[in-house]
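First up is the structure itself, then whatever we jot down about it.
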Amino acid sequence: MASTCIRSPFRSLRHIPSAIEHVPKALHAESGQQQQWDSKPSLYPSGRRKFSIRNRTSDHLAQSDHTTIAIPTLASTRHVSHFNRTSLPARVSIESPGHHARYSTRQPSVLVDPLEMASSTKVVDDHYLTLSCPDKSGIVHAVTGILASFDLTIVDLQQFSDPVSKTFFMRVHFGYASDLTSLHEKLIALGEGLKVDYEVRRVDEKPRVLIMVSKIGHCLNDLLYRVKSGQLKIKVPVIVSNHPEFADLAKSYGIPFHHLPVTKDTKTEQENQILALCKEHNIDLIVLARYMQVLSPGLCTAMSGRIINIHHSFLPSFKGAKPYHQAYERGVKIIGASAHFVTADLDEGPIIEQRVARVDHGMGPKELVEEGSNVESQVLAAAVKWWSEKRVFLNGGKTVVFN
4 MASTCIRSPF RSLRHIPSAI EHVPKALHAE SGQQQQWDSK PSLYPSGRRK FSIRNRTSDH
64 LAQSDHTTIA IPTLASTRHV SHFNRTSLPA RVSIESPGHH ARYSTRQPSV LVDPLEMASS
124 TKVVDDHYLT LSCPDKSGIV HAVTGILASF DLTIVDLQQF SDPVSKTFFM RVHFGYASDL
184 TSLHEKLIAL GEGLKVDYEV RRVDEKPRVL IMVSKIGHCL NDLLYRVKSG QLKIKVPVIV
244 SNHPEFADLA KSYGIPFHHL PVTKDTKTEQ ENQILALCKE HNIDLIVLAR YMQVLSPGLC
304 TAMSGRIINI HHSFLPSFKG AKPYHQAYER GVKIIGASAH FVTADLDEGP IIEQRVARVD
364 HGMGPKELVE EGSNVESQVL AAAVKWWSEK RVFLNGGKTV VFN
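Counted from 1, the sequence shown has number 58 at position 55 by the working numbering; the numbering is strictly sequential.
See below:
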């Protein structure tokens, strides 16, 4: 007798029946025979849920070494109406008797091609909860207790208590919540008692990022490729430059390009245009991808904590202009790059990420620049990715990064 098991990535058995009900139809279409099925849920000691269906009419599945059957999307069923924003295509792979066929958006069968696998591993309706507050005992218990009271699954939790600033930081990735209003009410009540600064955001909500660049484009090109390929979960609605060089690159990605030249006399006007674009496009973050102009204190204040810059040295060494030439003059054996939040003090903002590359005495400034450009792209992409995933917290002149 053939047996099939469907392992669900969902967090409640109530989400499964609508997927299960399609299996007999799919199997019937595959075999051309009418089948009868038994089904029952079970629960592992670890808490993982399983829903099994058994064919009690025929062992026709043994007739083939391997059969693959497509199951309709879950979003079309009334049992999982909260998935109405995103379809979850699934595939059941049925192997020889005694083996399991697994339906899972997280662990697709090896028969699924990479593009299908990418679409089927989307996290739907999950949320990030980030919070910071003065440190005291019982915060983790209080927060997880609130989540448990709504029967929410904690996918991932990270925390840090700074013994110097006496500040507590926490990031929680939790599952589908049917009543966010009530959850917010409880978190607000918690905040009143603990002075908690918190935010809840959907995992699939993409922050809106304005990228600024001058004449050096490797960081811009890298970011745009990562966005298009899905490695960076952000939206780039606009690109700004004080030079026209990358208008065609922006056009190739379908992104509006604004050429805003700047001089000493026009700096205030140009930055007002940048702020207007931020307002027009609901920008969450500005990324300076080798934008070689110093921002005014006014713009830094207006976008405080919302501007990330890539500096082409391992800060605090070699601040300011031509850091690779400074490094060459000092004969360094390691060069690096630093991604940091922008403040009114040049290259002094809280550092998010730094990486290095080894160099030697035979490398001139040109070779240092070439070697360093690879590091710059990696560092900036990592910083933007971690920020977009709510992993970065400001902590005075430093950052806490849950990476």
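Don't be surprised by glycine CBs; every beta carbon is placed ideally from N, CA and C. From a predicted model like this one, the values you see are computed outputs, not experimental measurements.
Residue from the options whose Cα sits closest to the Cα of residue i
i       : options                               : result
Asn-245 : Glu-392, Ser-217, Ser-320 and Leu-278 : Ser-217
Ile-289 : Ala-386, Val-212, Gly-400 and Val-158 : Val-212
Gly-474 : Ser-164, Lys-336, Ala-340 and Ser-391 : Any property of residue 474 remains undetermined from this structure, which presents the chain solely from 4 to 406.
Asn-398 : Val-387, Ile-354 and Pro-368          : Ile-354
Asp-129 : Ser-152, Gln-162, Ala-180 and Lys-139 : Ala-180
Val-422 : Asp-182, Leu-197 and Asp-154          : Shown here, the chain extends from 4 to 406; a query on residue 422 therefore has no answer.
Asp-138 : Val-167, Leu-150 and Lys-282          : Val-167
Asn-312 : Gly-352, Pro-368, Leu-278 and Val-403 : Gly-352
Ser-255 : Leu-278, Leu-223, Ala-279 and Asp-268 : Leu-223
Ser-299 : Asn-275, Pro-326 and Leu-280          : Asn-275
Asp-348 : Pro-319, Ser-380 and His-364          : Pro-319
Ala-324 : Val-335, Asp-350 and Phe-153          : Asp-350
Pro-368 : Trp-390, Val-335 and Ala-279          : Val-335
Ile-219 : Thr-269, Glu-283 and Glu-379          : Glu-379
His-284 : Pro-326, Ala-384, Pro-240 and Cys-303 : Pro-240
Leu-302 : His-314, Cys-281 and Lys-322          : Cys-281
Val-206 : Ser-391, Val-403 and Leu-150          : Ser-391
DSSP state of residue i mapped onto helix, strand, coil
i       : result
Ser-181 : coil
Lys-209 : coil
Asp-251 : helix
His-284 : coil
Pro-264 : coil
His-328 : helix
Asn-245 : coil
Gln-38  : Note that Gln-38 scores a pLDDT of 48, beneath 50, so its modelled location is shaky and nothing firm can be said.
Asn-224 : helix
Thr-147 : helix
His-187 : helix
Asn-406 : coil
Ile-310 : strand
Leu-349 : coil
Lys-335 : Residue identity check: residue 335 is Val in the sequence provided, not Lys. Correct three-state label for Val-335: coil.
Arg-449 : Absent from the model: residue 449. The displayed extent of the chain is 4 to 406, so no value can be given.
Pro-368 : helix
Leu-397 : strand
Leu-291 : strand
Lys-238 : strand
Ile-277 : helix
Val-167 : coil
Ile-142 : helix
His-69  : Any reading at His-69 must be qualified, since the residue scores a pLDDT of 37, below 50, and its modelled position is unreliable; the value itself is stated next. His-69 falls in the coil class under three-state DSSP.
Leu-118 : Unreliable placement is indicated for Leu-118, whose pLDDT of 42 sits below 50; the coordinate value is still reported in the next sentence. The answer is helix: DSSP assigns Leu-118 an H, G or I state.
Pro-319 : coil
Val-297 : coil
Residues near residue i in its chain [Cβ-Cβ closer than 6 Å; skip 5 each side]
i       : result
Thr-133 : Arg-174, Glu-202 and Lys-393
Phe-260 : Ile-242, Ala-250 and Ala-253
Ile-286 : Arg-211 and Leu-213
Ser-376 : His-221
Ser-79  : Caution applies to Ser-79, whose pLDDT of 33 falls short of 50 and renders its modelled position unreliable; the model cannot decide the point.
Asp-159 : His-176
Tyr-294 : Met-215, Val-216 and Ser-217
Close Cβ partners of residue i (< 7 Å) along its chain, the five nearest in sequence each way excluded
i       : result
Ser-135 : Thr-170, Phe-171, Phe-172, Asp-200 and Phe-396
Ala-145 : Leu-193
Gln-273 : Leu-263 and Val-265
Gln-381 : Arg-358
Phe-405 : Gln-161, Arg-174 and Arg-394
Per DSSP, cross-strand counterpart(s) of residue i
i       : result
Glu-356 : Ala-342
Ile-258 : DSSP output for Ile-258 lists no bridge partner at all.
Arg-174 : Thr-133 and Gln-161
Glu-202 : Thr-133
Val-382 : Paired residues: none, contrary to the question.
Ile-214 : Ile-242 and Val-290
Min CB distance residue i to chain B below 8 Å
i       : result
Leu-150 : Structure shown: chain B not included; a single protein chain is present.
Own chain residues within Cβ distance below 8 Å of residue i, not counting five before or after
i       : result
Phe-317 : Ile-337, Ile-338, Gly-339, Ala-340, Ser-341, Gln-357 and Val-359
Glu-208 : none
Glu-370 : Val-362
Gly-257 : none
Glu-374 : Ile-338, Ala-360, Val-362 and Met-366
Gly-308 : Phe-344 and Leu-397
Val-297 : Leu-349
Asp-182 : Phe-153
Contact the segment 173 to 192 vs the segment 227 to 236: 3+ CB pairs below 8 Å: no
contact_flag[the segment 288 to 304, the segment 329 to 336] where n(CB pairs < 8 Å) is 3 or more: no
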